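S.K.: Numbering (the UniProt record's numbering), first residue to last: 1 to 139. A virtual CB, placed ideally from N, CA and C, is assigned to each residue, including glycine. Nothing here was measured: the structure is a model prediction, and the numbers come from that model.
1. Excluding five sequence neighbours on each side, which residues of the same chain lie with their C-beta closer than 6 Å to the C-beta of residue 92?
2. Terminal residues of the continuous beta strand (DSSP E) containing residue 85?
3. Check this for me: beta carbons of residue 121 and residue 18, under 8 Å apart or not?
4. Could you give the C-beta distance for residue 97 and residue 41, rounded to a whole number, given that I count them as a contact under 8 Å?
5. Run the CB neighbour count on residue 4, radius 10 Å, all protein chains shown included, and call it buried at 16 or more, exposed below.
6. Mind checking which residues open and close the alpha helix (DSSP H) that includes residue 43?
7. Let me know if residue 118 comes out buried or exposed under the rule of 16 or more other beta-carbons within 10 Å of its beta-carbon.
8. Where does residue 73 sit, in a helix, a strand or coil, going by DSSP?
9. For residue 57 and residue 14, what's the separation of their Cα atoms in angstroms?
10. Leaving aside the five residues before and after residue 126 along the sequence, list all residues of the same chain whose C-beta is less than 6 Å from its C-beta, in chain order.
11. Could you spell out the range, first to last residue, of the beta strand (DSSP E) harbouring residue 13?
12. Is any beta-carbon of chain C found at less than 8 Å from that of residue 96?
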């Protein structure tokens, strides 16, 4: 079992494991805010002390630097990895966060099927979702 990230009528489909999906969202969290990204990526704390993890995440998100307009990015980061969706505007915001980041050599899909350009393909996918007003879904 894994996660498939895609959109209806799109030629893009990203198949990955749950760890790959967590790594993808951790990279997006880091692009959004370095402190949030560090805590978000700390899966040991999330597993060993979930109350402490949630308290730390909530204290970061309560800071003034997180405006209401960014709530949809937080929704993307904290939705279930079993099934979720985000609208085209959120795809545009995520694209703007990562468009200039060089992810050379980093992958999030299954290594056996990756061409090593997962993030470059993801950027194109997010841009497509935004321009064509498509919802991104994962299941």
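M.R.: Looking at the atomic coordinates:
1. Here the set comprises 130.
2. Membership of residue 85 in the beta strand (DSSP E) is indicated by the continuous run 84 to 86.
3. With contacts defined by Cβ atoms closer than 8 Å, residue 121 and residue 18 do not form a contacting pair.
4. With a Cβ gap of about 16 Å, residue 97 and residue 41 do not count as contacting.
5. Residue burial is scored here from C-beta neighbours: residue 4 has fewer than 16 other C-beta atoms within 10 angstroms and is therefore classed as exposed.
6. Counting along the chain, the unbroken alpha helix (DSSP H) around residue 43 starts and ends at 43 to 48.
7. Counting Cβ neighbours within 10 Å, residue 118 comes out buried, since at least 16 surround it.
8. It is helical.
9. Straight-line Cα distance between these residues: approximately 27 Å.
10. These residues qualify, in order along the chain: 91, 94 and 95.
11. Taken as a continuous stretch (DSSP letters only), the beta strand (DSSP E) holding residue 13 covers 13 to 16.
12. Of the protein chains in the structure, only one exists, and it is not chain C.
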